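K.L.:
Chains as they are written, first to last, in our numbering: chain A, 8 to 231; chain B, 2 to 393. We put the CB at the ideal spot given by N, CA and C, even for glycine. Since we're looking at a predicted model, the values are computed, not measured. Pasting in a structure now, in structure tokens, and then I'll have a few things to ask.
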Ligand SMILES: Nc1ncnc2c1ncn2[C@@H]1O[C@H](COP(=O)(O)OP(=O)(O)O)[C@@H](O)[C@H]1O
Ligand SMILES: [Mg+2]
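Okay, structure coming up:
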């Protein structure tokens, strides 16, 4: 058996809230196998986003160890962590979070600005990623000229342009209508099956969860 | 697209606000340059007034002349360093009928000692001193009329008779340049002896005015009075005035105003910094979520700081350049020309000091950086998760 893509051991996370300590995650053990497509469900405030942010190296645990794609990220410095994110990870947000002053293709190109890639090659890779999400004909549109579903697909193109091994999505269909949500889910499924991306996705949507190969429930900071 | 062009996109993001900020900086720079120019012009006027020169002329009017032997009396008077004398010649070049300039017959030995801010090459000066038909002209005049060293030019005097047998032909022996901004760079000077020899015996050995330099500029007023007293009982009375005596007393009363203007020009820079700081702070607040996204994608804190700083510096720089571009026509063409022509005593030279342009541009860039420093630092220090939770 290969090493898991994600391996959390005894991870706790608490927030300071005006002197009070809010314990969100407590001594959590969590593994995700390479190549799987997992859905994480659970009530609001149960700590799903917190867990996802820890996996994505956006936040640090209060205790415990986190290994993702073979790297201990809880001990990495700020700079090394940023570099690791740029190379290993694609993050998909509920609110798409495209940069409004950039066109679709430029938004997709953004992560490549950090890599030693020539400008023409950057553009070529960004266009390829847009083709993967089926939006090559919208490359010069600005986010405000796109529908919500299209925006999210551009955001997915941005997440995969660096060819990361792991995709992390926090309620990617939360703001979308059914049809657009299905498009996005189909796309994630394809990325998992064809491009072998490991995907972990937080969702409230049972239909979305059905697409995943594994469904987990988080309640009050522990996995059910 | 690269990092710089991405940053540049953001500058124009809120066009209206950016334009207002750029205009704010530009107006601040114009105001700053205007105030600095006032201070500069006044200081220059004071510098001219501080000169140690005394002009002695006929008490009644400067059209009337003085006996040349007065020159020796002035020279031996106490407190006098060097003396020279001159006669007005008038004159114009008939080939350039509309160009007016001063042509003056001067004492070749002493003229450039007394007016030492007019500089002539030593070799040219020596050649001129031994060349009775020689002349030295100002660089501006030479350029305007296309004269070069060695050229022969013929002038007509409006005062002294023109004799076709013996025209007023001169050889340009040298061209003087000005070491001070007060100097008229269009004067034509030639041998006083030559003029004196052409004058009928009755009017010979008369000088238009005597100019002397005193040992101690602080005593210039007393020395002037002493000179006039010297000639009180003689056949012609004199009036001696130090150059710009009026300026000196006038400006003294203004030193407090100058200091106030100094302070106000600094206040303007502070206001400019606040305008920029406000714009930067608003931009950062609006884009906090975006900075979180960029950090999540893998951008470093220093990228975020550079974006914030770069945006402010570009805005400050554009505003600074615009301000300078606006200031020149406004200050030098408009106000400056008018002031020089109509209030020349107070503002003999109302021009922007070149070094102040550098200061203004430097200040708009540096202060923009300073205004952005704290927001940039804060934006770069944001925790990614906090930034992402912030909704614009
Ligand atoms: N940065 C933070 N500071 C303080 N409390 C936080 C922070 N982030 C999350 N929380 C709290 O932690 C709990 C879990 O939040 P979250 O992980 O966003 O839940 P979910 O995504 O499952 O809805 C909530 O009570 C939330 O208010
Ligand atoms: Mg959440």
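#1: With burial defined as no fewer than 16 other Cβ atoms inside 10 Å of the residue's Cβ, what is the status of residue 225 of chain B: buried or exposed?
#2: Beta carbon of residue 377 of chain B, beta carbon of residue 306 of chain B: below 9 Å?
#3: Show which residues of chain A have a CB atom less than 8 Å away from the CB atom of residue 312 of chain B.
#4: Could you check what DSSP says for residue 201 of chain B in three-state terms: helix, strand or coil?
#5: Taking 8 Å as the line, does the beta carbon of residue 31 of chain A fall inside it for any heavy atom of ligand 1?
#6: Name the chain A residues that come within less than 9 Å of residue 291 of chain B, Cβ to Cβ?
#7: Please tell me whether residue 151 of chain B and residue 184 of chain B are closer than 9 Å, where the distance is taken between their beta carbons.
#8: In the DSSP output, which residue or residues are listed as bridge partners for residue 28 of chain A?
#9: With a CB to CB cut of under 8 Å and the five nearest residues on each side skipped, what residues in its chain are close to residue 228 of chain A?
#10: Given residue 101 of chain B, which residues of its chain have a CB within under 8 Å of its CB, disregarding the five upstream and five downstream residues?
#11: If residue 285 of chain B sits next to residue 380 of chain B, beta carbons under 8 Å apart, how far is it from one beta carbon to the other, in whole angstroms?
#12: Under 7 Å Cβ-Cβ, which residues of chain A neighbour residue 377 of chain B?
#13: With DSSP as the reference, label residue 3 of chain B as helix, strand or coil.
#14: Candidates B/321, B/70, B/326, B/292: which alpha carbon is nearest residue 366 of chain B's?
#15: Report yes if the C-beta distance between residue 359 of chain B and residue 313 of chain B is below 9 Å; otherwise report no.
#16: Any idea what DSSP makes of residue 166 of chain B, helix, strand or coil?
#17: Which residues of chain B have a Cβ atom closer than 7 Å to the Cβ of residue 86 of chain A, listed in chain order?
#18: Do you know offhand how far residue 142 of chain B's Cα is from residue 187 of chain B's?
#19: For residue 76 of chain A, collect the residues of the same chain with a Cβ closer than 7 Å to its Cβ; drop the 5 residues on either side in sequence, then sort them by chain order.
#20: Using 9 Å as the threshold, is the C-beta distance between residue 41 of chain A and residue 205 of chain A below it?
#21: Determine contact between the stretch 97-116 of chain A and the stretch 173-187 of chain A, defined as no fewer than three beta-carbon pairs at a distance below 8 Å.
#22: List the residues of chain B that residue 65 of chain A touches, going by C-beta distances under 9 Å, in chain order.
#23: Grab me the residues of residue 91 of chain A's own chain with a C-beta within less than 8 Å of its C-beta, minus the 5 sequence neighbours each way, in chain order.
#24: On the premise that residue 210 of chain B lies in contact with residue 57 of chain B, defined as a C-beta separation below 8 Å, what is that separation, rounded to the nearest angstrom?
#25: Between residue 73 of chain B and residue 256 of chain B, what straight-line distance do the alpha-carbon atoms span, to the nearest angstrom?
#26: Suppose contacts are defined by Cβ-Cβ distances below 9 Å. Is residue 115 of chain A in contact with residue 88 of chain A by that definition?
#27: Is it right to say residue 169 of chain B is buried, meaning 16 or more other beta carbons lie within 10 angstroms of its own, or is it exposed?
#28: Please report the Cβ distance between residue 213 of chain B and residue 61 of chain B, rounded to the nearest whole angstrom; I am assuming they are in contact, meaning their Cβ atoms lie under 8 Å.
#29: Which residues in the same chain have their Cβ closer than 6 Å to the Cβ of residue 86 of chain B, if we skip the five residues on either side of it in sequence?
#30: Are three or more beta carbon pairs between the stretch 162-180 of chain B and the stretch 116-126 of chain B nearer than 8 Å?
#31: When the distance is taken between beta carbons, is residue 14 of chain A closer than 9 Å to residue 291 of chain B?
#32: Considering only heavy atoms of ligand 1, does any lie closer than 8 Å to the CB of residue 24 of chain A?
#33: So does residue 55 of chain A have its beta carbon nearer than 8 Å to some heavy atom of ligand 2?
P.N.:
By the coordinates alone:
#1: For the purposes of this step, residue 225 of chain B is taken as the residue at position 224 of the second chain. Counting Cβ neighbours within 10 Å, residue 225 of chain B comes out buried, since at least 16 surround it.
#2: Residue numbering aside, residue 377 of chain B sits at position 376 when the second chain is read from its first letter. Residue numbering aside, residue 306 of chain B sits at position 305 when the second chain is read from its first letter. A contact, by the Cβ cut-off of 9 Å.
#3: Working through the second chain from its first residue, we reach residue 312 of chain B at position 311. None at all; the shortest Cβ gap to chain A is about 12 Å.
#4: Numbered from 1 along the second chain, position 200 holds the residue referred to as residue 201 of chain B. In this structure, residue 201 of chain B counts as coil in the three-state DSSP scheme.
#5: For this step, residue 31 of chain A is matched to residue 24 along the first chain. At least one heavy atom of ligand 1 is nearer than 8 Å to the Cβ of residue 31 of chain A, so yes.
#6: Locating residue 291 of chain B in the second chain gives position 290, counting from the first residue. The answer, in chain order, is 104, 106, 107.
#7: Position 150 of the second chain, counted from the first residue, corresponds to residue 151 of chain B. Position 183 of the second chain, counted from the first residue, corresponds to residue 184 of chain B. Against a cut-off of 9 Å, the Cβ pair of residue 184 of chain B and residue 151 of chain B comes out as no contact.
#8: Within the first chain, numbered from 1, the residue matching residue 28 of chain A stands at position 21. BP columns for residue 28 of chain A point to A/23.
#9: Indexing the first chain from 1 puts residue 228 of chain A at position 221. Answer for residue 228 of chain A: 30, 31, 32, 33, 35, 53, 54, listed in chain order.
#10: Numbered from its first residue, the second chain carries residue 101 of chain B at position 100. Taken in chain order, the residues that qualify are 93.
#11: Counted from its first residue, the second chain places residue 285 of chain B at position 284. Counted from its first residue, the second chain places residue 380 of chain B at position 379. At roughly 5 Å, the Cβ-Cβ gap stays under 8 Å, so residue 285 of chain B and residue 380 of chain B are in contact.
#12: Residue mapping note: residue 377 of chain B aligns to position 376 of the second chain, counting from 1. What residue 377 of chain B touches in chain A: nothing, since even the nearest Cβ is about 16 Å away.
#13: Here residue 3 of chain B is taken as the residue at index 2 of the second chain, counted from 1. In the structure shown, residue 3 of chain B sits in coil (DSSP, three-state: anything other than H, G, I, E or B).
#14: As a working mapping, residue 366 of chain B is identified with position 365 in the second chain. Selected option, being the one with the closest Cα: B/321.
#15: Working through the second chain from its first residue, we reach residue 359 of chain B at position 358. Working through the second chain from its first residue, we reach residue 313 of chain B at position 312. For residue 359 of chain B and residue 313 of chain B, no; Cβs fall outside 9 Å.
#16: For the purposes of this step, residue 166 of chain B is taken as the residue at position 165 of the second chain. Three-state result, residue 166 of chain B: coil.
#17: Within the first chain, the letter at position 79 stands for residue 86 of chain A. Per Cβ cutoff of 7 Å: 301.
#18: Residue mapping note: residue 142 of chain B aligns to position 141 of the second chain, counting from 1. Residue mapping note: residue 187 of chain B aligns to position 186 of the second chain, counting from 1. Going from the Cα of residue 142 of chain B to the Cα of residue 187 of chain B covers about 4 Å.
#19: Your numbering for residue 76 of chain A matches position 69 in the first chain. Closer than 7 Å at Cβ, skipping near neighbours: 12, 95, 172, 173.
#20: Start at 1 with the first residue of the first chain, and residue 41 of chain A comes out as number 34. Start at 1 with the first residue of the first chain, and residue 205 of chain A comes out as number 198. Going by C-beta atoms, residue 41 of chain A is nearer than 9 Å to residue 205 of chain A.
#21: yes
#22: Residue mapping note: residue 65 of chain A aligns to position 58 of the first chain, counting from 1. Within 9 Å Cβ-Cβ: 293, 296, 297, 384, 385, 386, 389.
#23: Along the first chain, read from residue 1 onward, the residue named residue 91 of chain A stands at position 84. Cβ within range, chain order: 64, 78, 80, 83.
#24: Indexing the second chain from 1 puts residue 57 of chain B at position 56. Indexing the second chain from 1 puts residue 210 of chain B at position 209. The Cβ separation is near 7 Å, so the contact holds.
#25: Locating residue 73 of chain B in the second chain gives position 72, where the first residue counts as 1. Locating residue 256 of chain B in the second chain gives position 255, where the first residue counts as 1. The straight-line gap from Cα to Cα measures roughly 39 Å.
#26: The residue labelled residue 115 of chain A in the question sits at position 108 within the first chain. The residue labelled residue 88 of chain A in the question sits at position 81 within the first chain. No, the pair does not count as a contact, with Cβ atoms beyond the cut-off.
#27: Looking up residue 169 of chain B in the second chain gives position 168. Buried: at least 16 other Cβ atoms inside 10 Å.
#28: The residue labelled residue 213 of chain B in the question sits at position 212 within the second chain. The residue labelled residue 61 of chain B in the question sits at position 60 within the second chain. 20 Å between Cβ atoms; not a contact.
#29: By 1-based counting over the second chain, the position of residue 86 of chain B is 85. Contacts found: 72, 108, 208, 211.
#30: yes
#31: As a position in the second chain, residue 291 of chain B is number 290, starting the count at 1. As a position in the first chain, residue 14 of chain A is number 7, starting the count at 1. For residue 291 of chain B and residue 14 of chain A, no; Cβs fall outside 9 Å.
#32: Numbered from 1 along the first chain, position 17 holds the residue referred to as residue 24 of chain A. Yes; taking the cut-off as 8 Å, the Cβ of residue 24 of chain A has a heavy atom of ligand 1 nearer than that.
#33: Looking up residue 55 of chain A in the first chain gives position 48. Checking every heavy atom of ligand 2 against the Cβ of residue 55 of chain A, one is found closer than 8 Å.
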